[in-house]
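Following: one structure in structure tokens, then a few remarks.
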Amino acid sequence: MKKLISFLLAGILCLSLTACSGSAGDAKAPIPCEPMEQAAARDAAGNSTISVLISVNPQIKIFLDGAQNVIAIQCVNDDAKALFGGVDFAATQQDYPSLLRDILDRMLAQGYLTDGDELRFEIFGPTEAATAACSRTSRDVVQQLCEKEKITVTASCGGGLTAHLKLEGVKEVPLGPDVLEVKEDEDGNIVWVKSLDPSNGSVRESFYAPDGTLLHGVTHHPLGYATYLWFDENEKIINEYTADPGAEMTLDDAGNPVSAVYKDTSGNVTGRADFDGGVLIYEEKTLSDGRQVTSRYDAAGRLQHEVTVFSDGQQAERTLTYYANGNRKTQTDIGRTGLVTIWNYSEDGRTGTATYANGTVETEYYRADGSLEKVVQDSRNASPRDDKLYTETVYDSNQTVLTKYSLLEDGRKVYTTFHGSWDMMTTVFQYPNGGGHTEYWIGNTMIGGIDSDGNVWGDTFATYNGPVTGGTVGVG
Numbered sequence: 054m055k056k057l058i059s060f061l062l063a064g065i066l067c068l069s070l071t072a073c074s075g076s077a078g079d080a081k082a083p084i085p086c087e088p089m090e091q092a093a094a095r096d097a098a099g100n101s102t103i104s105v106l107i108s109v110n111p112q113i114k115i116f117l118d119g120a121q122n123v124i125a126i127q128c129v130n131d132d133a134k135a136l137f138g139g140v141d142f143a144a145t146q147q148d149y150p151s152l153l154r155d156i157l158d159r160m161l162a163q164g165y166l167t168d169g170d171e172l173r174f175e176i177f178g179p180t181e182a183a184t185a186a187c188s189r190t191s192r193d194v195v196q197q198l199c200e201k202e203k204i205t206v207t208a209s210c211g212g213g214l215t216a217h218l219k220l221e222g223v224k225e226v227p228l229g230p231d232v233l234e235v236k237e238d239e240d241g242n243i244v245w246v247k248s249l250d251p252s253n254g255s256v257r258e259s260f261y262a263p264d265g266t267l268l269h270g271v272t273h274h275p276l277g278y279a280t281y282l283w284f285d286e287n288e289k290i291i292n293e294y295t296a297d298p299g300a301e302m303t304l305d306d307a308g309n310p311v312s313a314v315y316k317d318t319s320g321n322v323t324g325r326a327d328f329d330g331g332v333l334i335y336e337e338k339t340l341s342d343g344r345q346v347t348s349r350y351d352a353a354g355r356l357q358h359e360v361t362v363f364s365d366g367q368q369a370e371r372t373l374t375y376y377a378n379g380n381r382k383t384q385t386d387i388g389r390t391g392l393v394t395i396w397n398y399s400e401d402g403r404t405g406t407a408t409y410a411n412g413t414v415e416t417e418y419y420r421a422d423g424s425l426e427k428v429v430q431d432s433r434n435a436s437p438r439d440d441k442l443y444t445e446t447v448y449d450s451n452q453t454v455l456t457k458y459s460l461l462e463d464g465r466k467v468y469t470t471f472h473g474s475w476d477m478m479t480t481v482f483q484y485p486n487g488g489g490h491t492e493y494w495i496g497n498t499m500i501g502g503i504d505s506d507g508n509v510w511g512d513t514f515a516t517y518n519g520p521v522t523g524g525t526v527g528v529g
């Protein structure tokens, strides 16, 4: 059967679900919710990690935590409010699959969702992994509904990540004017799609198995370089390779790269790469600053060993090992001066620890999605050590610094909070004797402050009317 949905790149999941026509159950009463004030539910929604907007006729937005537990529900239109007793915001304590099944059952029973309809999901999570996991859950629940009720529903799951990475929306085949070419096998299954991204002029090739599973893709960028992606059975990205501009790629019949030759703008060869089954296993290249980098990868495309030779002849090395589950186990760095640093990571990928030559211990903490959450540097037992005995830096899901705490050699404690994209920073100093002061910074300029007695000098953010300038914040 010809596939109705095309899976594009960037981790989008969608599904065309088909069975014999049938009937739904009887209409149900509104979904029971916890007796929570709407204002409180609205506040809870603001603390969510993932949001899912479901649209058919009722539009319902579900707010989830990182474990896909429901935090709150927003009824976007009147039809949605009918399912939840007429409220705008509600709270219900269910896991996401259970709530989604309940919502779809009620939509079906009350005639909002019928045989042949299209059900749209717009899913936004902090990372690609979180978004893709929620997309798969949504797909599986709709699949179960179709099998139970003997109906046909086309479900599309699209969404976005953070401000610096945007996922493309899913489109049905034919995909409209942005599709350049589609190839099918002898049974009419779509096995290749070539499409244009009008926003940046890139051309994408998507390769599919006959059952519609996305295998790999290639994005050809206007500047001449290409990005290759490989996916697992759940269409999660498992490997990514970006060829340098001007690279001459040799591909096999399935579109997988076999080898690459890198050249500069004058046509001089600057490096090469070898692939096995489309996966990068070896690469050597000379960078514009004269560094020569040689990298070896395992069969899964993970970096195993890398040597960098600098223009002065010194070199640095990095060696990595991995757990059976694919997570990084150790990372050994040998610097240009021969200094060795060994990182040890937990099997769940949540922590990594290294002890430096002077005795400083650095620990990195990661979220479940792999993003860096916190870095702690403890130099209290180091020798020699600088003026910061202990530092703790916290990051948001975009890897932007939120807060920083430092314990200084003289006993002062420094609490720094970063505010948005203007490089605005508040630094609070607490003295060992109990006093202290607060400083206000914009960029690398201190605009004023206030001491513990309430005396103000210069400006605070509330009184400052000068220009806002960028710059590296370097205090605290």
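Just so we're aligned: the sequence shown equals residues 54 to 529 in my numbering.
In this text, a Cβ means the ideal position worked out from N, Cα and C, and glycines have one as well.
Nothing here was measured: the structure is a model prediction, and the numbers come from that model.
Residue pairing from DSSP leaves P263 without any beta-bridge partner. Under the rule that a run must span 3 or more residues, the beta strand (DSSP E) segments found entirely inside the segment 393–462 read 393–398, 404–408, 414–419, 425–431, 441–448 and 454–461.
For the beta strand (DSSP E) assignment, the uninterrupted runs of no fewer than 3 residues enclosed by the segment 492–525 are, from N- to C-terminal side, 498–504 and 509–511. In this structure, S108 keeps its C-beta atom at 8 Å or more from the C-beta atom of F116.
A Cβ-Cβ separation of about 13 Å leaves T361 out of contact with R349 under the 8 Å criterion. Here DSSP, grouped into helix, strand and coil, assigns D250 to strand. Nearest C-alpha to D170 among K236, L161 and F177: L161. According to the DSSP assignment, S191 belongs to the alpha helix (DSSP H) that extends over E181 to E202.
Across the structure, L333 and Y294 are spaced so that their CA atoms are roughly 7 Å apart. If you look at P150, you'll find it in the alpha helix (DSSP H) that goes Y149 to A162. In this structure, R355 sits near Y375, with a CB-CB distance shorter than 8 Å. Relative to D476, the option among L455, S188, D463 and A407 whose CA is nearest is L455. At a Cβ-Cβ threshold of 8 Å, G324 and W283 do not count as neighbours. Taking the CA atoms as reference points, V311 sits about 54 Å from V467. L166 sits in coil when the DSSP states are folded into three classes, being neither helix nor strand. In this chain, the alpha helix (DSSP H) harbouring A133 covers D131 to L136.
Annotation for T145: no beta strand (DSSP E) segment contains it, and DSSP assigns it neither H nor E. Rounded to whole angstroms, G139 and D155 show a C-alpha spacing of 17 Å. A straight-line Cα-Cα distance of about 7 Å links M499 and E492. Between the alpha carbons of Y443 and E417 lies a gap of roughly 14 Å. Spatial neighbours of T470 in its own chain (CB-CB distance under 6 Å, excluding positions within 5 residues in sequence) are listed in chain order as T456 and T479. The continuous beta strand (DSSP E) containing A279 extends over residues A279 to F284. Annotated three-state conformation of D365 is coil, per DSSP.
Remark: three or more beta-carbon pairs, one from each stretch, lie closer than 8 Å, so the segment 243–256 and the segment 267–286 are flagged as touching. Under DSSP, I103 shares a beta bridge with L117.
Excluding residues up to 5 positions away in sequence, P310, V311, S312 and A313 lie with their Cβ nearer than 8 Å to the Cβ of T303 in the same chain. When DSSP states are grouped into helix, strand and coil, D386 belongs to the strand group.
Classified as buried, W494 has 16 or more neighbouring CB atoms from the shown chains inside 10 Å of its CB.
By the C-beta density criterion, L153 is buried, having at least 16 other C-beta atoms within 10 angstroms. Rounded to the nearest whole angstrom, the C-alpha separation of N486 and D463 is 11 Å.
Residue state for D231 is assigned as helix, using DSSP reduced to three classes.
Between Q357 and the set S364, S252, T383 and D342, the nearest pair of CA atoms involves T383. For E239, DSSP assigns no beta-bridge partner whatsoever. Annotation: E175 to L106 spans about 5 Å, alpha carbon to alpha carbon.
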